[in-house]
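Inspection log for the structure reproduced underneath, given as structure tokens.
Numbering (my numbering), first residue to last: 1 to 286.
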């Protein structure tokens with residue numbers, strides 16, 4: 001030995017619980033057994049109830065609207081219904097981009113020997129799905145001098161773009177319900193309420209905000225029409241189904257003496273013995 005005295009080695013005894021020592025020794029075996037049991041359980045589940053085909057969603061998928069195809073139908077309808085006998089070639093040429101395949105280049109249209117027709121507006125009023133990517137659009141078109149015409153336009157969306165899915169068809173208008181003014185409502189039979197409604201509507205239509213304010217409930221908000229009108233008469237005044245408002249059918253006239261039949265729903269309430277207006281047709285703050 002060389003150098004100084006040798007430093008004696010030091011030892012430290014640590015007390016550990018017996019269960020912790022046993023757990024550390026046995027834990028790998030426990031984990032292996034658990035993994036084996038999980039594998040057996042999975043095998044048994046697949047043997048008893050094998051998985052079926054995957055479903056994309058619980059609820060049926062809703063196909064989104066195709067505004068491009070609808071616009072295509074409107075564009076076709078406008079060109080199909082616009083013609084001039086003085087220039088038949090131009091009328092047919094405007095349709096050539098829609099033909100092709102089994103559809104003639106002119107889409108089967110030949111203008112009459114005389115006259116002309118124009119379209120002031122056209123829009124889709126109904127659509128029906130014929131198949132994936134295929135719709136039939138009912139287009140309403142206001143023509144002159146033909147009047148309002150409805151034409152069904154089949155449109156298909158392909159990998160190359162939009163195209164006609166067949167020849168168009170002239171059809172009738174979609175079914176519509178009768179106007180609501182014929183509803184069986186209970187007639188108003190209170191002279192005080194009738195007089196207040198007539199006064200309030202006269203001020204409302206003419207834009208007289210200060211005069212109208214005297215018939216409004218406290219805190220009521222009313223948005224006056226932008227075009228002043230003159231109230232000519234009230235043709236009908238009846239209670240609405242909710243019993244808290246009245247429906248007034250009126251005759252009115254504008255500054256150019258154009259005549260209108262209009263219908264307003266007016267919220268009313270009796271406050272301290274007098275009738276007041278809570279809203280006229282709509283709440284501007286809602």
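Even for Gly, the Cβ is constructed at its ideal location relative to N, Cα and C. Every value quoted in this text rests on a predicted model; they were computed, and no experiment measured them.
DSSP beta-bridge partners for residue i?
i, result
"residue 282", "280"
"residue 246", "239 and 266"
"residue 226", "Its beta-bridge partners do not exist; DSSP assigns none."
"residue 252", "231 and 260"
With DSSP collapsed to three states, give me the class of residue i.
i, result
"residue 157", "strand"
"residue 171", "strand"
"residue 205", "helix"
"residue 189", "coil"
"residue 273", "coil"
"residue 232", "strand"
"residue 163", "strand"
"residue 213", "helix"
"residue 152", "strand"
"residue 200", "helix"
Cβ of residue i less than 7 Å from any chain C Cβ?
i, result
"residue 100", "No chain C is present in this structure, which holds just one protein chain."
Self-check item: Complete alpha helix (DSSP H) runs within the segment 69–146 (minimum length 4 residues, chain order)
Solution: 88–93
Quiz item: Can at least three beta-carbon pairs, one atom from the segment 153–160 and one from the segment 108–120, be found at a separation below 8 Å?
Solution: no
Quiz item: Between the segment 213–230 and the segment 248–257, do at least 3 Cβ pairs fall closer than 8 Å?
Solution: yes
Quiz item: So does the segment 234–249 actually touch the segment 263–279, counting three or more Cβ pairs closer than 8 Å?
Solution: yes
Quiz item: Should the segment 125–132 be regarded as contacting the segment 100–115, the criterion being three or more beta carbon pairs within less than 8 Å?
Solution: no
Quiz item: Are there three or more Cβ pairs, one per stretch, closer than 8 Å when the segment 132–150 is compared with the segment 74–93?
Solution: yes
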